[in-house]
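Data first, discussion second: the structure below is written as structure tokens.
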Amino acid sequence: MAYFFQSLRTSSARARASLLALGASGALAAAVLSGCADPAVERQVKFDAQLAEVSDAYAKLLGETPDLLAGAPSEESLASLRGLIGRAKGLSGGSGAQETAARDLAASMAHTAALIGLMRANTMEADHETRRGIALSASALAAELEAIAAAAGSMDLSADRSAAQDARDAASRSARALQESVQAVEAPIGQLSTRMSESAARLNELNQETAVLVRKARESNPRTALAFVEEAAAVQESARSTRTELETDGIASSDLKLEKTLTEGKRAAEQAMQAAASRALELLSSFEADVQSQTAKTAELARELRGQAKSIMQAIADERAGTLRAVYDQLAEDLGSVGASAGSLADAVTTDEIRAAMSELAGLGAEGRMLLATAGADSAAVGEIKAKAESLLTSIREKVTAASDRLGSAEEGATPSAMSGFVNGVKSRLEGLTVDSLLTPPAVVEAPRAAQRPRAGSSGRSLAGSAGQSGVDDIDAFITRYNAVLTTDPVGAGALMMDAMDESKPGMRSMKRVSQMSAEAMRPMIDAMIERFGVESLAGLAEGMSGGMGGGMGGAMGGMAGAGAATPLTKKSDDGTRAVFASASGQETVFNKVGGKWVLDLGEAGAMSEEQLAAMEQMAPMIEMAVGPMKTAAATVAAKIRSGEIASADQVMAAFQQEIMASFGGGGRGR
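Going left to right, the sequence shown walks through residues -7 to 663 as this note's numbering numbers them.
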């Protein structure tokens, strides 16, 4: 968003500077030629007035029409802007310089219109992505409802309830103890404050007394003055002692106040944890009651959810083909209308053309991923998306290559410009990007039917069984790729590990699905943290998630964030069926080869016990219902990070938990 407003300010300032220069020369010419009835001069004076009128109207429109710069400006505001563009283009009869200024103004306004269009497109794309998340969450929940009904009779959440109760009770005890600590320092702080006030008053009296004695000494004869001076010195000695006491008390008071502030902060954190645990208990109770009482209605509810998801997806498709397509077309037309008049706007126009294309490509990718997850790879709609994405990707590459070649020639031997940095950044993003990779789904949406979900059983120390669709062919190549991605995109490296998770058993499949869905929901907040605080800030977030949000969800999201603290893996052993890799800290990552595929074995690596994986199978539907609120909370926190409202990485976890609580509101259903 900052880019749009900065571009608008730059565009407006450029046009205003050109018009001011022209206005000054026009006024000078009019003054020199005043009194001459030269038709050409009269036309130029008239042209000046008309051009100034358009310019003033443009400035007024930007200043007095706030919705114009919003994500969804009114048609009236846009019509007013386009009317001014038409008026500027229609001016004629001026001098060459005047008509150049008019073209510059028209180009600047057209560029503003294009920027507004780009902002509208991005806003709509973001809205679509949010709605896609809702649709996908609805589809995932619908797919799980049958499994919930089948498992309702055997579901046992007592261990999770006990864990939440223990966490709540522990947090409550800690909060009470911290409150007592706060109260314990309040009395000493008050006593010190009183004593400091008394010392300050006494010090003031002594200083005044000293001043009186010094004045008397000055007014007396030498013999008498000596007595006054000696008395003043004695008073000053007492003042110094009082000042020392005041300073000592001040230091002690500051220390106690700091201790109180820190203790209050810890108490607030414990209270937040207590509230979160209480909320978890409410969610558990609500979820259990819902499952037990609504078993007979789950099939109908699933149909309703799928119908809602289908309606959302159809509405998105209609908007992409209608309103959003019109916005992109108008945006291209506006950028094209700047054309040869762009002048110094040429780089900005090229940048915005690429930005618009990349925005549309990202939207197509998201649309394709949704269709792949819901309609399947053989869907005609998926084929249409692929064709559009292929064409757009080719066009973007051509634009970027042309811009790169032009900039390379113009800047040979010179310091690279900001435009070069932008183009090189886009080139880097395009490297290796294909339509297939663009449309690769980040998460599994459809869960197996209840009849296809075998119960988890004991298989000894290793949890590897017959491999499903997960796994990698070449473990060494995979680790090499993981280490390479880790250096530039630690969150992407975490996603690679998620993709390699063993999913041969229901609990493993649930863990993988929950991990991927949670990671996708958290991505905006993770990206904002990396941008603002650096990748190392994710380490603390990982600890907070793993330790403070409960079993599966905390572990899944903690692993996502913890990628920021990860280090490259080196091989310890590989006997052809079991490969062990270790990080710099010594933590082991274990892969087992099953069915010709290497899979990440969570159980053997010690990440989760077999009992925890079995519990995950039961807990997964409830966790998935929290993905929607998680996504909303993550987006809100990301915005606060980028705006500076959240100034420290240490504040992120508390803010995220607070937003989660706000998202859930007062009840556990209907979310």
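Glycine included, C-beta positions come from ideal geometry on N, C-alpha and C.
Open item on the list: Looking at the secondary structure, which residues open and close the alpha helix (DSSP H) in which THR343 lies?
Closed with: As a working note, residue 343 is residue 351 in the sequence shown. Start and end: 338 to 366.
TODO: Specify the secondary structure class of ASN584 as computed by DSSP and reduced to three states.
DONE: Position 592 of the sequence shown, counting from 1, holds the residue named residue 584. It is a strand residue.
TODO: Please state whether DSSP places LEU592 in a helix, a strand or coil.
DONE: Residue 592 sits at position 600 when you count from the first residue of the sequence shown. DSSP, read as helix, strand or coil, puts LEU592 in strand.
Task: Whole-angstrom distance between SER510 and GLY547, CA atom to CA atom - done: Walking along the sequence shown from the start, residue 547 turns up at place 555. Walking along the sequence shown from the start, residue 510 turns up at place 518. Model confidence at GLY547 stands at a pLDDT of 41, short of 50, so the residue's coordinates are unreliable and nothing is read from them.
TODO: With distances taken Cα to Cα, identify the nearest neighbour of LEU198 among ARG95, ARG235 and ARG210.
DONE: Reading the sequence shown from its first residue, position 206 is the one you call residue 198. Out of ARG95, ARG235 and ARG210, ARG235 has the C-alpha closest to the C-alpha of LEU198.
Task: Alpha carbon of GLU121 to alpha carbon of GLY355, nearest angstrom - done: As a working note, residue 121 is residue 129 in the sequence shown. As a working note, residue 355 is residue 363 in the sequence shown. Roughly 8 Å separates the two Cα atoms.
TODO: Just grab the DSSP bridge partners of ASP566 for me.
DONE: Taking the first residue of the sequence shown as position 1, residue 566 is located at position 574. ASP566 is bridged to ALA571.
TODO: Take the Cβ of ASN584 as the centre, count every other Cβ of all protein chains shown within 10 Å, and call the residue buried at 16 or more, exposed below.
DONE: Against the sequence shown, residue 584 aligns to sequence position 592. Buried, because 16 or more other Cβ atoms sit within 10 Å of the Cβ of ASN584.
Task: Beta-carbon proximity of HIS103 to LEU337, cut-off 8 Å - done: Counting from one through the sequence shown, the residue named residue 103 turns up at place 111. Counting from one through the sequence shown, the residue named residue 337 turns up at place 345. Against a cut-off of 8 Å, the Cβ pair of LEU337 and HIS103 comes out as a contact.
Open item on the list: Check for me: the alpha helix (DSSP H) holding GLY636 runs from which residue to which?
Closed with: Walking along the sequence shown from the start, residue 636 turns up at place 644. GLY636 -> no alpha helix (DSSP H), and no H or E assigned at all.
TODO: Please say whether ASP339 and ALA106 have beta carbons closer to each other than 8 Å?
DONE: Against the sequence shown, residue 106 aligns to sequence position 114. Against the sequence shown, residue 339 aligns to sequence position 347. Between ALA106 and ASP339, the C-beta gap is not smaller than 8 Å, which leaves the two residues out of contact.
- [ ] Could you round the C-beta distance between ALA156 and ALA272 to whole angstroms and report it? I think they count as a contact, below 8 Å.
- [x] The count along the sequence shown starts at 1 and reaches residue 156 at position 164. The count along the sequence shown starts at 1 and reaches residue 272 at position 280. ALA156 to ALA272, Cβ: 4 Å. Contact.
Task: Burial state of PRO482 (16 or more Cβ within 10 Å) - done: Position 490 of the sequence shown, counted from the start, is the residue given in the question as residue 482. PRO482 comes out buried.
Task: Beta-carbon proximity list for LYS632, same chain, < 7 Å, skipping 5 on both sides - done: Your numbering for residue 632 matches position 640 in the sequence shown. Result list for LYS632: ILE638 and ALA647, in chain order.
Open item on the list: Given this structure, state the Cα-to-Cα distance separating ARG421 from VAL415, to the nearest angstrom.
Closed with: Numbered from its first residue, the sequence shown carries residue 421 at position 429. Numbered from its first residue, the sequence shown carries residue 415 at position 423. Their backbone Cα atoms lie some 10 Å apart in a straight line.
Open item on the list: For VAL527 and SER507, what's the separation of their Cα atoms in angstroms?
Closed with: The residue given as residue 527 occupies position 535 in the sequence shown. The residue given as residue 507 occupies position 515 in the sequence shown. Rounded to whole angstroms, the separation of the alpha carbons of SER507 and VAL527 is 20 Å.
Open item on the list: At the level of alpha carbons, what is the spacing between ARG667 and ALA179?
Closed with: This structure leaves residue 667 out entirely; the chain is present only between -7 and 663.
TODO: Go to ARG312, then tell me how far its alpha helix (DSSP H) extends in each direction, as first and last residue.
DONE: Position 320 of the sequence shown, counted from the start, is the residue given in the question as residue 312. ARG312 -> no alpha helix (DSSP H), and no H or E assigned at all.
Task: Where the alpha helix (DSSP H) containing SER496 begins and where it ends - done: Here residue 496 corresponds to residue number 504 of the sequence shown, with the count starting at 1. Note, SER496: premise wrong, no alpha helix (DSSP H); not H, not E.
TODO: Throw me the rounded Cβ distance for the SER131 and ARG298 pair, which I believe falls under 8 Å.
DONE: Here residue 131 refers to the residue found at position 139 when the sequence shown is read from its first residue. Here residue 298 refers to the residue found at position 306 when the sequence shown is read from its first residue. About 6 Å; that satisfies the 8 Å criterion.
- [ ] Using three-state DSSP, classify ILE652 as helix, strand or coil.
- [x] Residue numbering aside, residue 652 sits at position 660 when the sequence shown is read from its first letter. Helix at ILE652.
Task: Backbone CA spacing between ARG232 and GLU239 [nearest angstrom] - done: On the sequence shown, residue 232 is found 240 positions in, with the first residue counted as 1. On the sequence shown, residue 239 is found 247 positions in, with the first residue counted as 1. Roughly 10 Å between the two C-alpha positions.
Open item on the list: Counting C-beta neighbours from all protein chains within 10 Å, is the total for ALA627 16 or more, i.e. buried, or is it exposed?
Closed with: Position 635 of the sequence shown, counted from the start, is the residue given in the question as residue 627. When all chains shown are included, ALA627 counts as buried.
TODO: With a cut-off of 8 Å on the beta carbons, I'd call LEU364 and LEU431 a contact; round off their distance for me.
DONE: Residue numbering aside, residue 364 sits at position 372 when the sequence shown is read from its first letter. Residue numbering aside, residue 431 sits at position 439 when the sequence shown is read from its first letter. Contact holds; Cβ gap of about 6 Å.
Task: Extent of the continuous alpha helix (DSSP H) to which ASN196 belongs - done: In the sequence shown, counting from the first residue as 1, residue 196 sits at position 204. Looking at the DSSP string, the run of the alpha helix (DSSP H) that includes ASN196 is 150 to 211.
Open item on the list: With a threshold of 6 Å on Cβ separation, who are the neighbours of GLY125 within its own chain once the five nearest residues in sequence on each side are excluded?
Closed with: Position 133 of the sequence shown, counting from 1, holds the residue named residue 125. So the qualifying residues of the chain are LYS623.
TODO: Measuring alpha carbon to alpha carbon, tell me which of GLY182, VAL204 and GLU262 ends up nearest SER245.
DONE: Walking along the sequence shown from the start, residue 245 turns up at place 253. Of the listed residues, the one whose Cα sits closest to SER245 is GLY182.
Open item on the list: Rounded to whole angstroms, what is the Cα-Cα separation between LYS38 and ARG79?
Closed with: Residue mapping note: residue 38 aligns to position 46 of the sequence shown, counting from 1. Residue mapping note: residue 79 aligns to position 87 of the sequence shown, counting from 1. About 14 Å.
TODO: Determine, using beta carbons only, whether LEU592 and ALA574 come nearer to each other than 8 Å.
DONE: Taking the first residue of the sequence shown as 1, we reach residue 592 at position 600. Taking the first residue of the sequence shown as 1, we reach residue 574 at position 582. No, they are not a contact pair.
Open item on the list: If the criterion is Cβ atoms closer than 8 Å, does the pair MET514 and ALA127 meet it?
Closed with: For the purposes of this step, residue 514 is taken as the residue at position 522 of the sequence shown. For the purposes of this step, residue 127 is taken as the residue at position 135 of the sequence shown. Contact: no.
TODO: Determine the contact status of VAL374 and GLY357, defining contact as a CB-CB distance below 8 Å.
DONE: Against the sequence shown, residue 374 aligns to sequence position 382. Against the sequence shown, residue 357 aligns to sequence position 365. Taking 8 Å as the Cβ cut-off, VAL374 and GLY357 do not qualify as a contacting pair.
- [ ] State the Cα-Cα distance for the pair ARG634 and ALA192, rounded to the nearest angstrom.
- [x] The residue given as residue 634 occupies position 642 in the sequence shown. The residue given as residue 192 occupies position 200 in the sequence shown. ARG634 and ALA192: Cα-Cα distance of roughly 45 Å.
Task: Start and end residues, alpha helix (DSSP H) containing VAL427 - done: Residue mapping note: residue 427 aligns to position 435 of the sequence shown, counting from 1. Looking at the DSSP string, the run of the alpha helix (DSSP H) that includes VAL427 is 427 to 430.
- [ ] Grab me the residues of LEU53's own chain with a C-beta within less than 8 Å of its C-beta, minus the 5 sequence neighbours each way, in chain order.
- [x] Numbered from its first residue, the sequence shown carries residue 53 at position 61. So the list reads LEU60, SER69, SER72, LEU73 and LEU76, once near-sequence residues are dropped.
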